[in-house]
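Residue numbers (the working numbering): 1495 to 2441.
Positions of the beta carbon are idealized from the N, C-alpha and C atoms, including for glycine.
Since this is a predicted model, take the numbers as computed values, not measurements.
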Amino acid sequence: MRKFCTVIALFILGLNFAQETGTIAGTLLDKEVNNQPLPFANIVVLGTTLGTSSDFDGKYEIPNVPAGTYTLEFSFTGYETLRIPDVVIEPDKVTVIDTALGATAAALEEVVIKVQTNREREEALLLEQKNAITQKISIGAQELAKKGVGDVATAVTKATGISKQEGSGNIFVRGLGDRYNVTTLNGLPLPSNDPSKKNIQLGIFNTSIVEAIGIDKTYNVRNYGDFAGANIDITSKDYKGSGFMEVGISTGINTESVAVDEFFLTDGPSRTGFYDTNAPEFPLNNYNFTTSWDREKTSNPFNSNVSLKGGDSYYLFGGETKLSIFGVGSFSNNYTYQDGVSRGSVNVNSVAQSDFDYFDFGYNTNTTLMGNIGLKYRNHKVVYNVLYLNNTSERQREFFGIIDVEDDAPNGGGFIQRSVFLRTSLITHQLLGEHKISENFEFDWGASYNFLENNEPDRRQITLVPRTPNEPDGPKSFLLVSAASDNHRFFADLIEDEIAGRFEASYKFKRNEEDLFDGKLSIGYSGRFKNVDFEAEQFNFQIFNRVPQPDVDVRNVDAYFNQENLNAGLYRIRTFRGTLDTPGALNPQFYKGDQQINAAYLSLEYKFASKFTLLAGIRAEQINQNIEWSTVINGEGENELDELEILPSLSLKYAHNEKQNFKLAASKSYTLPQFKERAPFLYQEVNQDYFGNPFLTLSTNYNVDVKWEYFPKSSEIISLGVFGKIIENPINSITIQSASNDITWANTGDQATAFGAELEVRKLLFQQEREVKDQILKQNFTAGINAAYMIHNQELDGQKVLDESGLSFDPTYSETGLSGASDLVANADVSYYKDFAKDRNLQLTLAANYFSDRIFALGNFGKGNIIEKAVPTLDFIAKTQLSERVSLGLSFQNILNPEIERFQQEVTDSNGDINPIRSGTDLQQRDVDMLSYKKGYNLKLSFNYTF
């Protein structure tokens, strides 16, 4: 009986002890922004291991606090730490503490600055997404670092529905390629570094300059109307903390590059990437070229990177004015190597006109310098940014095999060598301002000047064939080479300079019970004024096949192309315009033009009810694009495109509760053709020629998006969306009916459509916090996945192309899928993070990407579409902080090392609606492999030291 009573007593005592706990809860506000909720702040019960963080709405709760008296600490980066003593916790009761944090005199900044400071964090960007009316998503520096991303092109492929085309750098958003996207830096436009592209190649931007990348897949009137896929806005770093300096170095290898016995590049370019040369004087009179035709052996192909960045902030004039300075400089290089199969011009009998084994040695450099100075006085802020990029790509490409099954080296033994060096230099100046005049009225503005130069100096191409066609392994010579342009040197320069500006004034109205405004009316202007100047000279080496020609060693072409053999009459040098005796033979081919876009817009944001908000706007955009040219295929000419576009947009947001949103967006936009696509200039690649179409006109796009978002926690999201696009008068690259099957661009049909669904999930699977010596140590495990599935189709009409452009286009299909569009695009990642002590932690990330088969080029003349096969990738990234100053990183990328393949697909009804005009004609009956290679594994070790 005594034991029984003892057990009962202990049980009751334990029950009493179990109930001796209470809860601390409340709301934390931000004094720097009119007492708006302050998310992501830390709240700790000192002397215990208990604590939490405020959520999206500034709310927090700490349950199971043992009864007693404590000191509660509130902290947030850049704000004063607040300690509230004598907080009494009573059993079974909730102690409510509502308070606010503000900046100290040493870190006084408004919420705009605070939000920008933290836009690198995933949680802050999710909060921005949650509060936004539009459907913009962002990727911050924190996420980029976690996934081991080194450039912006790779970064955007981590977003839902976005993929990158292998070998070209093209970004596809929901199946829509380069022409349908817009790239901006801090909301201001950037020029293209490639005359055939609308957007600058995102791979040239190192993520060291990036604070966040915004991807807006729905159009709103603040953006330029030349849009259908996404507006990709790079927000550059804007430092506002205390002084720091960080140096980083890394080294690595590509397994394909280091596996070759010897690595070869071209003669001329330096390994720093700062190289340029012009065509020599009197190039037709004498052999005045100084660089070698032959490849050169280079040093061990190890990749490297070195960077230096730093910043500081200063308070002036009694603390009301803040000056912030930030700068970053970096240089990186990397080597690539590919070998595989390359075939071209497959006919309806499934026979490739050219069939090569190819070897591609590559070397790339990137030099980045960026600095900004920010000045903030009360509610006024002005920032100056300057960015310099120097990006180079050097390729030594060699092809062995059949050049033309009906002409050059029909039995094999042909040799083509193409040595290419491309250099892009960009300098951007930006001046940005934000001004809050009163509670109701504010305006912001921006202006930029961009200067871009893209050089292709001294491209060299060699074509050698067997002296006797039936002896492919026999001696080689230039004797039977068909065209003078098969052996050439090429010099090209593209210069773009652009001035752009924007201005927006906003007026808030109808103050509500929460002392906020329900309405905001904005009026704005944006303009861009661009000049383009492209010129090129190609010196063709015309072989005289009526004189005895010597055998030529493919590794010693310098022994043939020299002054001695020129004097001996073995060949002569000419341009496309003619020989030395032709007047104007040395006049470069060129196109130049100007583009002016002036736009005015009006938008209204209005909160009709506590849960329902509307954003409606209209934009009027006047587009003038003038182009003039002097080329060998079209003589001299000019053309003007003059259009006025009225572009409405509508976004609706219904906040079902604090954690769920429903969003709808609808808009009209357009797609503008590029200068190169409209200039009748002949571009020559290996076995393929391109020229522009001056009759090309713009496309009109209609866009609709519906999305549901759920934010379970500050770092979590579940979203599901559907979208639809109708493109009238779509633009495609096409192969026309000509002797050389040239490629041009045309408005190929009346309509194209894309419909799809997108899913995104980010989940915190495990989280643990513990206090050690007044330091909270965290451990968490997170996972994320996003996927997009699309159904897409476009009409192809050869008669329309003939009527509008005078070009003969014979599409195999009357309807087929969109070029570059994968039915399925998916990303996934898992990440583990652990604190071991203060300034000692480890982060491990595994990231995967996948896109399904997609059309690389449209089929024609009974031949099938060229398909780029599905590619899965898998990367592993490890980062560890060893001390306050030292951190290390290790990455292992492209772990699966899949085969990169393209094939020309057999023609069947399952791949599209076969064009009725092909009835009774030959159709391609089987698949033909056209390209295959492997990229290899990439291993990198990095070291960072912070002063």
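For D2088, the secondary structure class from DSSP, reduced to helix, strand or coil, is strand.
Counted as a single uninterrupted DSSP element, the alpha helix (DSSP H) harbouring E2298 occupies residues G2292 to S2299.
Per DSSP, F2070 is not a residue of any alpha helix (DSSP H), being assigned neither H nor E. 8 Å or more divides the Cβ of S1839 from the Cβ of S1826. Following the DSSP letters along the chain, one finds T2310 inside the beta strand (DSSP E) bounded by residues Y2307 to T2310. A residue is called buried when at least 16 other Cβ atoms come within 10 angstroms of its Cβ; A2331 does not meet this threshold and is exposed. It is roughly 15 Å from the alpha-carbon of G1737 to the alpha-carbon of L1810. Taking the Cβ atoms as the reference, S1744 lies roughly 4 Å from N1799, within the contact range of under 8 Å.
Where T1712 is concerned, there is no enclosing alpha helix (DSSP H), because DSSP gives it neither an H nor an E.
About 6 Å separates the beta carbon of I2237 from that of S2227, a gap short enough to meet the 8 Å contact definition. Residue environment analysis places P2077 among the exposed positions, since fewer than 16 neighbouring C-beta atoms fall within 10 angstroms of its C-beta. For A1647, the enclosing alpha helix (DSSP H) has its first and last residue at V1646 to V1650. Taking C-alpha positions only, V1842 is separated from G2353 by approximately 10 Å.
Looking at D1851, S2299 and V2216, the one whose alpha-carbon comes closest to that of Y2283 is V2216. Just so you know, the alpha carbons of G1545 and T1521 end up roughly 14 Å apart. In this chain, L2010 is not harboured by any alpha helix (DSSP H), its DSSP state being neither H nor E. A contact between stretches requires three or more CB pairs, one per stretch, nearer than 8 Å, and the stretch 2391-2407 meets this requirement with the stretch 2307-2320. Annotation for N2059: the continuous alpha helix (DSSP H) segment containing it runs Q2057 to N2061. For the pair N1905 and F2023, the Cα-to-Cα distance works out to about 53 Å.
Close CB contacts of Y1882 within its chain, under the 6 Å cut and outside five residues either way in sequence, are with L1863 and I1921 (chain order).
Classified as exposed, M1739 has fewer than 16 neighbouring CB atoms from the shown chains inside 10 Å of its CB. L2340 is bridged by DSSP to V2324 and F2370.
Note that the C-beta distance between K1970 and V2046 is below 8 Å. Assignment of beta strand (DSSP E) within the stretch 2089-2149, counting only whole runs of 3 or more residues, yields 2106-2125 in chain order. For S1751, the enclosing alpha helix (DSSP H) starts and ends at T1749 to A1753.
The C-beta distance from E2210 to K2257 rounds to 6 Å, short enough to meet the 8 Å contact threshold.
Per DSSP, R2172 lies in no beta strand (DSSP E); the unbroken alpha helix (DSSP H) holding it starts and ends at F2169 to R2172. Taking each of D1901, I1989 and T1918 in turn and checking the Cα distance to A1977, the smallest one comes out for D1901. P1683 is a Cβ neighbour of A1994, given a cutoff of 8 Å. The criterion of a C-beta distance shorter than 8 Å is not satisfied by F2003 and G2018. Only residues of its own chain outside the window of five on either side were considered, and among them A2110 and A2160 have a CB closer than 6 Å to the CB of L2144, listed in chain order. Cα atoms of S1942 and L1925: separation of roughly 6 Å, rounded to the nearest angstrom. Counting only residues of its own chain and dropping the five nearest sequence neighbours on each side, V2380 has a CB closer than 7 Å to the CB of Y2439. Residue state for A2079 is assigned as coil, using DSSP reduced to three classes. Around the beta carbon of Q2293, a 10 Å sphere encloses fewer than 16 other beta carbons of the protein chains shown; the residue is thus reported as exposed. Here S2404 carries a helix assignment [DSSP, helix/strand/coil].
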